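Everything on this sheet refers to the single structure shown next.
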Amino acid sequence: MNENLICLSNLSKSFVSRAGTVEVLRGVDLSIARGECVALVGQSGSGKSTLLSIIGLLDSATSGTYTLCGSAVSSLSHYQLSILRNKNIGWIFQNFNLISELSVLKNIELPMRYNSEINKADYETIAMKQLSSVGLQDKAHSYPDQLSGGQQQRVAIARALVGDPDMLLCDEPTGNLDSKNSKQITDLLLELNKRGTTVLIVTHDNEFASKCQRIVQISDGEIN
Numbered sequence: 045m046n047e048n049l050i051c052l053s054n055l056s057k058s059f060v061s062r063a064g065t066v067e068v069l070r071g072v073d074l075s076i077a078r079g080e081c082v083a084l085v086g087q088s089g090s091g092k093s094t095l096l097s098i099i100g101l102l103d104s105a106t107s108g109t110y111t112l113c114g115s116a117v118s119s120l121s122h123y124q125l126s127i128l129r130n131k132n133i134g135w136i137f138q139n140f141n142l143i144s145e146l147s148v149l150k151n152i153e154l155p156m157r158y159n160s161e162i163n164k165a166d167y168e169t170i171a172m173k174q175l176s177s178v179g180l181q182d183k184a185h186s187y188p189d190q191l192s193g194g195q196q197q198r199v200a201i202a203r204a205l206v207g208d209p210d211m212l213l214c215d216e217p218t219g220n221l222d223s224k225n226s227k228q229i230t231d232l233l234l235e236l237n238k239r240g241t242t243v244l245i246v247t248h249d250n251e252f253a254s255k256c257q258r259i260v261q262i263s264d265g266e267i268n
């Protein structure tokens, strides 16, 4: 059996507002094995985006434990968390988050600037390799506004892959795409999973979710 890459135990998240304490996540238990492809589904406001942010080390839990790649997240310093996030996690967002002033190649190179293990001289070679893996090697010197939505998302996937992360966290990766481009991105993410990358996808696309190895349902901050 594959080892657990992600292990959440009794994880909770709450915010204090003028109206009192708002519980967003309640006692979440979730394990994801290395190499799995998991869809996280639920209605708007169910807590799935908050859960994804905690898993992606962009937010922290109020209570409970989170172990990522064998490390207890709560015991790590901010610096150690940033290293873990940069090396082990690739993010893919609904809105692509490409920088319009940079070429496709430079957008893909950007995360490598924060990874001390990658030599600057290798940036372009690595970026071109990942750009080729998503079928857009001929767009290296184009700019985001010259690409279709589907092409921009493929560039975003290439950017997420440059650090050879253990997992991809995908927040509605097909949410802004038409059916044709959605299928292309779905097929690409599933293919990356077949090659060994762990993939966690937040999605409202039931067809996409059905193609994942496992569907995790969340409602009112609890895993069903």
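By the working numbering, the letter at position 46 of the sequence shown is numbered 90, and the numbering carries on one by one without gaps. Heads up, the beta-carbon is just placed ideally off N, CA and C, and yes, glycines get one too. None of the values given here were measured: they were computed from a predicted structure.
DSSP places residue 80 in the coil class of the three-state scheme, outside both helix and strand. Contact between the region 106–122 and the region 176–195 is absent, with fewer than three C-beta pairs closer than 8 Å. Bridge pairing for residue 110: 52 [DSSP].
Taking 8 Å as the cut-off, the Cβ atoms of residue 198 and residue 155 do not count as close. With fewer than 16 other CB atoms across the displayed protein chains lying within 10 angstroms of its CB, residue 161 is exposed.
Under DSSP, residue 261 shares a beta bridge with 85. Nearest C-alpha to residue 268 among 172, 85, 50: 85.
For residue 79 against residue 242, the beta-carbon gap comes to about 6 Å, under 8 Å, which counts as contact. A residue is called buried once 16 or more other Cβ atoms fall within 10 Å of its Cβ, and residue 83 is buried on that count. The criterion of a C-beta distance shorter than 8 Å is not satisfied by residue 74 and residue 206.
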